[in-house]
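Protein sequence lines, in the order shown, are assigned to chains A and B.
If you count the first sequence from 1, position 6 lands on 6 in our numbering, and the numbers rise without skipping.
If you count the second sequence from 1, position 256 lands on 1256 in our numbering, and the numbers rise without skipping.
Cβ atoms here follow ideal geometry from the backbone N, Cα and C, with glycine treated the same way.
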Amino acid sequence: MEAVFLTFVFVLSIFLGFELISKVPSTLHTPLMSGSNAISGITLIGSLASLKAGNSQVAIILGTLAVVLATINVVGGYAVTNRMLEMFKKKDEGAAK
Amino acid sequence: MSSNMDLLINFAYVVSAVLFILGLKMLSSPATARRGNLISAAGMLLAVVVCLLNAGLDYKWIMVGVAAGTVIGLVAAYRVAMTSMPEMVALFNGFGGLASLLLAWSEYHQHPALSLFIASVTFLSTFIGGVTFTGSMIAFGKLAGMIPSKAVLFRGQQLVNGLIILGAIVAAVVFAMNPAVNYQIFIAIVVISLLFGITSVIPIGGADMPVVISLLNSYSGIAACAAGFVVHNNILIVAGALVGASGIILTKIMCKAMNRSLSNVLFSGFGATVQKAGDGPQGEVKPATAEDVYYILEAADSVAIVPGYGLAVAQAQHVVHELGEILENNGTEVSYAIHPVAGRMPGHMNVLLAEANVSYDQLVEMDDINPRMDSIDVCVVIGANDVVNPAAIEDESSPIYGMPIIETFRAKTVIVLKRSMNPGFAGIQNALFFRDNTRMYFGDAKASIQALVAEFKESA
C-alpha cells in the first residue's frame, strides 16, 4: 500500500513541476537549471539517514561518499545560483549600487 | 516518543517541500528569483537539520562528509568563471547522480533482502544515477575542452547502445527476482550504467549540449526520486520529481528551438560531417573595417545585438556592454536578441550579459524581436552562426530547414563579427554572409569590439 501512496506523491509532484517550470522565462533558464540541480541534491537527506551508527565498513564508505557528493551538489548548486542571480539587475538598480 | 519525533521530522519535510515549490515559483521573474533561490536553500537546510534528529545516526562520518562537501562546493561555486557555467552545472549534476547511485548501493548493502518493488526502484536509482554521473562527466569534458566536443561516431554505435540497454534489462530482471543472492549482478548493473552514460553522450556534438545538459538535469532528479522510493522518503520523491519535470520541460524547449526531435539529437551525430568547401551558398562577401562599422552604427537609430557561443569563447561580454552603453548615449535604442539555444546551455547568453551589467529588460527573446525585425536598423551578430542562417527559412534542402531563427537578414543592415568563413556547428555555410545587406567584420570578437569602442571614443 505504501508503494501506491508514494507513487501518488510522485505523480502529483511531476504535474506540479510542469506547471511551475513552464512559467520560467528563458532569461532565467541557466539559474533555473543550476537551482533545480541543487534541489536534486536532496539525495543528501537519504544519504544522511543511511549513515547509521554500527554500519559495516562498506556501508560507511558508500554512505560518506554519497554525503560528500550530495553536499557538493547542494551547497555548490545554491551558491553558484545565488552568484548568478545577484548579477541580474535592471538598469536603475545597477546604477544605485 | 520516537514516533512523535518521526511525525515532527515528516511534517518538517512538508514545509521543506513547500519552500522548494515557492522558490521555483519565484524563479519566474528576475526581480524575485534571487529570493526564490534563498527560500529553496532554506528548505534544504531545514530538511537537513530535521533529518539529523533521526535516532542512531553515525554523526562522526556525517560531519566529515558534510564538511568536505561544503568546502568543495563553496570553493567551486565562487571560483568558477561565468563563461564556464555550463561545465560547472554538468559537474554538480554528475555528483548528484553518483550520490543517488551510492545511496541505493549503501541501502542494498545494509538490507540485501529486498521486496520486488524495492529491488526495482533500487535498480532505477542505481542505473539512472550511474548514467547521470558518467554522462555528465563526458558533457563536462566536452564543454571544458578536455575531450573533443565534436560528435564521436563509430560503426555499430546504435547496436552497441542497444546491447547495453538489453544487458541492463536482463541484469535488472535477474537482480529483482532475488536481490539477496545477486550481489555480483548489482555490481554489473553499476558498471553497465557507468558505461552507458559514456556511450550515450559521446556521439552528441558541442552545440547540442543545451539539450544534453537539460536531459541529464532531469535524470538526476529522477534518480533522486527513485532513491526516495528506496528509502521511503517523501521529500526525496517530491524534490526529485520537481527537478525531473523541470529538466524535461527545458529539454523540450531546447529541441523545439532546434526543430529537431529528442531522438534526432541523441542518436544522429548531428554536425559530425562538414559540408565540403564549394557546396552551399556562394557569392561575394563584403568585408568591413572598424571604421566602416563605426559609421553604420553611429547613424543607426535602433541596434539589435545577437550573441552566440563565440561571445563566450572570446569573453567579449564586458566590451559588448561598453559598446551598448556608448550607442545608447549616442541616442540609439539597443536590445540584445537571444536565441533559446545560443551558447552551450539554456539561458547561457543571458547570464553572461547579466554578468556584464546589461539590464535584463534589454534582453529580448527570439519571438519578441522577430516581428519587429524590419524596423531595426542594424543587427550585430557576435559569434552566432546557425541560429541566424536564413537557409532555415528559405532552403528546403538545408539540414537546419525549419529551425526557428533570429531573422537578422530582415534588418536594414547586418554586421557579422566572425573570425573566419568557417561554417558553424551544423557544418553548413551561412547564406546570411552573402546577402546584399550584410557586412562581414572579421577578427576576434573581443578585439573587434574594442576597436569599435576606440573609434567611438576618438570621434567623441
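Taking a Cβ-Cβ threshold of 9 Å, none of the residues of chain B is close to valine 4 (chain A); the smallest such distance is about 10 Å. Annotated as proximal: methionine 1137 (chain B) and glycine 1094 (chain B), with beta-carbon spacing under 8 Å. In the DSSP assignment, glutamate 1333 (chain B) falls outside any alpha helix (DSSP H) and lies within the beta strand (DSSP E) extending over 1333-1338. In the three-state DSSP reduction, tyrosine 1309 (chain B) falls in the helix class (H, G or I).
Closer than 8 Å to the CB of methionine 1177 (chain B) there is not a single CB belonging to chain A.
Around aspartate 1368 (chain B), the same chain offers no residue with a beta carbon nearer than 6 Å, after the five sequence neighbours per side are excluded. Taken through DSSP and simplified to helix, strand or coil, threonine 1438 (chain B) comes out as strand.
Residues of chain A with a Cβ closer than 8 Å to the Cβ of histidine 1232 (chain B) are, in chain order, Glu2, Leu6.
Counting only residues of its own chain and dropping the five nearest sequence neighbours on each side, serine 1149 (chain B) has a CB closer than 6 Å to the CB of Lys1142, Gly1206. At a Cβ-Cβ threshold of 8 Å, isoleucine 1382 (chain B) and leucine 1417 (chain B) count as neighbours. Minimum Cα-Cα distance from isoleucine 1305 (chain B) among the listed residues B:Thr1289, B:Glu1322, B:Val1212 corresponds to B:Glu1322. Around the beta carbon of asparagine 1217 (chain B), 16 or more other beta carbons lie within 10 angstroms, which makes this residue buried. Of B:Met1085, B:Ala1342, B:Tyr1441, B:Phe1092, the smallest CA-CA separation from methionine 1254 (chain B) is found for B:Ala1342.
If you look at valine 1378 (chain B), you'll find it in the beta strand (DSSP E) that goes 1378-1382. In this structure, the alpha-carbon of tyrosine 1309 (chain B) lies about 20 Å from that of proline 1203 (chain B). For lysine 1418 (chain B), there is no enclosing alpha helix (DSSP H); the residue is found in the beta strand (DSSP E) stretching over 1413-1418. Here DSSP, grouped into helix, strand and coil, assigns proline 31 (chain A) to helix.
Note that the C-beta distance between leucine 1046 (chain B) and leucine 1019 (chain B) is below 8 Å. With a threshold of 16 other beta carbon atoms within 10 Å, glutamate 1284 (chain B) falls short and is exposed. For valine 1364 (chain B), the secondary structure class from DSSP, reduced to helix, strand or coil, is strand.
Counting the other Cβ atoms within 10 Å of the Cβ of phenylalanine 1196 (chain B) gives 16 or more, which makes it buried. Annotation: the continuous alpha helix (DSSP H) that includes leucine 1103 (chain B) extends over 1085-1110. Here glutamate 1455 (chain B) is buried, its C-beta having at least 16 other C-beta atoms within 10 Å. Counting every other CB atom within 10 Å of its CB across the protein chains shown gives asparagine 1422 (chain B) a total below 16, marking it as exposed. When CB distances to chain A are screened at a threshold of 7 Å, the residues of the stretch 1066-1079 of chain B falling below it are Val1066, Ala1068, Gly1069, Thr1070, Ile1072, Gly1073, Leu1074, Ala1076, Ala1077, Tyr1078, in chain order.
Here proline 1287 (chain B) is bridged, per DSSP, to B:Met1440. Residue contact with chain A for lysine 1025 (chain B): present (Cβ-Cβ distance below 8 Å to some residue of chain A).
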